[in-house]
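For the record, in the sequence shown the residue sitting at position 46 is 34 according to our numbering, with numbers rising by one throughout. Just so it is clear, CB atoms sit at the ideal spot from N, CA and C, and this is done for glycine as well. Remember, predicted model here, so these are calculated numbers, not experimental data. Below you'll find the structure, written out as structure tokens, and then a few comments.
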Amino acid sequence: TNAIYSDDGGKTWKTSDPFPAKGTGEATIAELSDGTIYYNSRRHWAEEGANPRRRWTATSTDGGQTWKNLVFCKALPDGPQNTNYGCMAGLTRLPVKGRDILLYTNCDSPGGRHHGTVWASFDGGKTWPIKRLIFAGAYAYSSITSGRPGTITEG
């Protein structure tokens, strides 16, 4: 998996070096207040088996060209558990100057794609101390964005 990014408002595009874990895709990224890029990726297969299904994360300090600090994020589920597939998730950074508040959305269930949940990180994705159920029904392929201050949209 690679990231495709632009540093000039979309006039030109670059491709990052490959993400340092195999079997990833449908990644989400967020730029932190210091310019670090936080990368959070679905796992299409897991060497250790179907459970627990968790996300890969990494960071870039060169604008997204290379990735380091690869972590198997134990706090964030990668879709339904007890399966051999993950699920696309949503990620956004809230526009609070000098703060790295990230919100992550995905299903949080032992099996099947339901129980849409949001997690909050206040340290740029190092920890995820808060989680809240937002929808108990069918839920998959989440997308989240932040708009004007204090407003987020999930769909």
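F123 to S130 span [Cα, whole Å]
The residue given as residue 123 occupies position 135 in the sequence shown. The residue given as residue 130 occupies position 142 in the sequence shown. One C-alpha to the other measures close to 12 Å.
CA nearest to the CA of T(-11), picked from R87, D22, G52, G11:
Locating residue -11 in the sequence shown gives position 1, counting from the first residue. Nearest C-alpha to T(-11): G11.
Along the beta strand (DSSP E) that carries C149, what are the first and last residues, could you check?
In the structure as shown, the chain begins at -11 and stops at 143. Residue 149 is therefore absent and cannot be evaluated.
For L20, which of helix, strand or coil comes out of DSSP?
One-based indexing of the sequence shown puts residue 20 at position 32. Reduced to three states, the DSSP call for L20 is coil.
Could you give the residue range of the beta strand (DSSP E) that holds L64?
Along the sequence shown, read from residue 1 onward, the residue named residue 64 stands at position 76. L64 -> beta strand (DSSP E) spans 56 to 65.
According to the neighbour-count rule (16 or more other Cβ atoms, all chains shown, within 10 Å of its Cβ), is G99 buried or exposed?
In the sequence shown, residue 99 corresponds to position 111, counting from 1. With fewer than 16 other Cβ atoms within 10 Å, it is exposed.
What does DSSP give as the partner residues of T49 in its beta bridges?
Sequence index remark: in the sequence shown, residue 49 carries index 61 (1-based). For T49, which the question treats as bridged, DSSP gives no partner whatsoever.
How about R101 and G74: are their beta carbons less than 7 Å apart?
Here residue 101 is taken as the residue at index 113 of the sequence shown, counted from 1. Here residue 74 is taken as the residue at index 86 of the sequence shown, counted from 1. In this structure, G74 does not lie closer than 7 Å to R101 by Cβ.
Which whole-angstrom value describes the C-beta separation of D66 and R30, a residue pair presumed to lie in contact below a C-beta threshold of 8 Å?
In the sequence shown, residue 66 corresponds to position 78, counting from 1. In the sequence shown, residue 30 corresponds to position 42, counting from 1. Confirmed, Cβ separation roughly 6 Å.
Quick one: what's A108 bridged to in DSSP?
Sequence index remark: in the sequence shown, residue 108 carries index 120 (1-based). L91, I118.
By the 10 Å Cβ neighbour count, where 16 or more other Cβ atoms means buried, how is N28 classified, buried or exposed?
Taking the sequence shown and counting its residues from 1, the one referred to as residue 28 is at position 40. Buried, by the Cβ-count rule.
Alpha carbon to alpha carbon, how far is F7 from L58?
Indexing the sequence shown from 1 puts residue 7 at position 19. Indexing the sequence shown from 1 puts residue 58 at position 70. When the Cα atoms are used, F7 and L58 turn out to be separated by approximately 9 Å.
With the cut-off set at 7 Å, would you say L121 and Y92 are in Cβ contact?
Translated into the one-based positions of the sequence shown, residue 121 becomes position 133. Translated into the one-based positions of the sequence shown, residue 92 becomes position 104. No; because the gap between Cβ atoms is not below 7 Å, this pair is not in contact.
Is F60 near the ligand ATP, going by C-beta to nearest heavy atom under 6 Å?
For the ligand ATP, the structure offers nothing, since it holds no ligand at all.
Let me know if R136 comes out buried or exposed under the rule of 16 or more other beta-carbons within 10 Å of its beta-carbon.
Here the question's residue 136 lines up with position 148 in the sequence shown. Label assigned to R136: exposed.
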